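Notes follow the structure.
Numbering (full-length UniProt numbering), first residue to last: 1 to 409.
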């Protein structure tokens, strides 16, 4: 069997997710009630049987490092690991200049591990993927590099790095946000957008990042600097992610991939999970999303005083362990562990992070409330845009965001 290594790029600042990334790296942002964003890519590798993973961190990485060390402890007896690799400035006094430079500054990992093939994946997307099928595709075509791509409507192609491919799947062009995207083979209404996930033969990756490091004019980015040049003189193939399937997956989930790169997309991706029959199914136990187990008690719903409208209930919602819905109402919302909603309060279309407390008689709508925030009794959030903008961060889509630990008055 081929010796494999996954290098997960988790060093981005995540400025478009501000204020959720004010005190944590983007891959450490909670998602779906009890997960972190990075859990999705790590679960894909673990479920695919790739058990050697290095996570390259940089900005505000303490929360991410803690999560990896506590949640992702694999068996060293079999040589399995998920290890955080902080920026070490091994090649000079610079932080990572880009995704390609992050690999270059950590070439010692490749030297030590001596893998045959290296996966270079991002850490901030929500999806399921059997990476072994991408590996089979890569080996069958004797590719130097394989790029995972997803079909998108051709009118949206100008927002992505678009790939033109031949009928055999070999890359013909790589175009960064083109005005006229080339259609994918067999479907003139769609084009192939790069997912930022790559599989390299080891020699190719090492040669390319060393070459790129010597180019002072380079952006040191995999798409712009490596792939855009590599396909011209090496066999680079494109793997259609829409053809990838995993165990227990329904047809409607095939090709599901979300780049939760800004607050509004992040919010909607969470809201998608509370649908009666969501496209992305968290409950697929044949391809589970792994995360840190918590020793919290079960969620609790108390008070059933219908006459006085003091009923603890949650409908069309995800409610994590340790939550107490004490005479309040929760609808179409995602609650992380240890959230408390007190009597006569209404929470709707919202995301509440861990250890949030909603006081009595509050009305909360279309809000994201970060960890360790206490909303005082009687407060209204999400109903008066002008007032919300005066007190809080409000996105272009109208979502109110309250930062971690904020003292709300």
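Glycine is no exception: its CB is placed at the ideal position from the N, C-alpha and C atoms.
Being a predicted model, the structure only gives us computed values, none of them experimental.
Asked: Three or more C-beta pairs below 8 Å linking the segment 109-120 and the segment 23-35; Found: no
Asked: Paired residues, beta bridge with residue 337 - DSSP; Found: Residue 337 is not bridged to any residue.
Asked: Contained beta strand (DSSP E) runs [length at least 3] in the segment 26-105, N- to C-terminal order; Found: 52-57, 81-86
Asked: Which residues DSSP lists as bridging residue 191, in chain order; Found: 152
Asked: Residue nearest to residue 247 in terms of C-alpha spacing, selected from 131, 305, 104; Found: 131
Asked: Limits of the beta strand (DSSP E) - the one that residue 368 falls within; Found: 367-369
Asked: Residue 190 and residue 238 closer than 8 Å at C-beta; Found: no
Asked: Sequence-distant residues of the same chain with beta carbon closer than 6 Å to residue 16, five excluded per side; Found: 261, 262
Asked: Option nearest residue 160 by Cα separation, candidates 182, 279, 193; Found: 193
Asked: As assigned by DSSP and simplified to three states, the class of residue 197; Found: strand
Asked: Contacts around residue 378, its chain only, beta-carbon distance under 6 Å, and the 5 residues preceding and following it disregarded; Found: 361
Asked: According to DSSP, residues forming a beta bridge with residue 4; Found: 117
Asked: Helix, strand or coil at residue 20 [DSSP, three-state]; Found: coil
Asked: Buried/exposed call for residue 297, threshold 16 Cβ in 10 Å; Found: exposed
Asked: Under the three-state DSSP convention, the category residue 267 falls into; Found: helix
Asked: Rounded separation between residue 120 and residue 222 - CA only; Found: 10 Å
Asked: Alpha carbon of residue 358 to alpha carbon of residue 341, nearest angstrom; Found: 5 Å
Asked: Residue burial classification, residue 295 (beta-carbon count within 10 angstroms, cutoff 16); Found: exposed
Asked: Buried or exposed (CB count within 10 angstroms, at least 16 for buried), residue 354; Found: buried
Asked: Contact check, residue 328 vs residue 317, beta carbons under 8 Å; Found: no
Asked: Bounding residues of the alpha helix (DSSP H) (the contiguous stretch that carries residue 258); Found: That residue, residue 258, is in no alpha helix (DSSP H); its beta strand (DSSP E) goes 257-259.
Asked: C-alpha gap between residue 81 and residue 408, whole angstroms; Found: 41 Å
Asked: Closest residue to residue 292 among 390, 66, 368 (Cα-Cα distance); Found: 66
Asked: DSSP beta-bridge partners of residue 173; Found: 164
Asked: Span separating the alpha-carbon of residue 83 from that of residue 134; Found: 23 Å
Asked: At least 3 beta-carbon pairs within less than 8 Å: the segment 266-277 vs the segment 170-186; Found: no
Asked: Helix, strand or coil at residue 131 according to DSSP, with G and I counted as helix; Found: helix
Asked: Reduced DSSP secondary structure (H/G/I, E/B, other) of residue 245; Found: coil
Asked: Beta bridge counterpart(s) of residue 239 as assigned by DSSP; Found: 148
Asked: Alpha-carbon to alpha-carbon, residue 306 and residue 10; Found: 49 Å
Asked: DSSP three-state assignment for residue 122, whether helix, strand or coil; Found: strand
Asked: Residue 58 and residue 87 closer than 8 Å at C-beta; Found: yes
Asked: Reduced DSSP category for residue 289 - H, G, I as helix; E, B as strand; rest coil; Found: coil
Asked: The beta strand (DSSP E) enclosing residue 300, as first and last residue numbers; Found: 300-302
Asked: Reference residue 331; option with closest CA among 314, 304, 62; Found: 314
Asked: Exposure label - residue 410; buried when at least 16 CB within 10 Å; Found: Since the first residue of the chain shown is 1 and the last is 409, residue 410 is not available in this structure.
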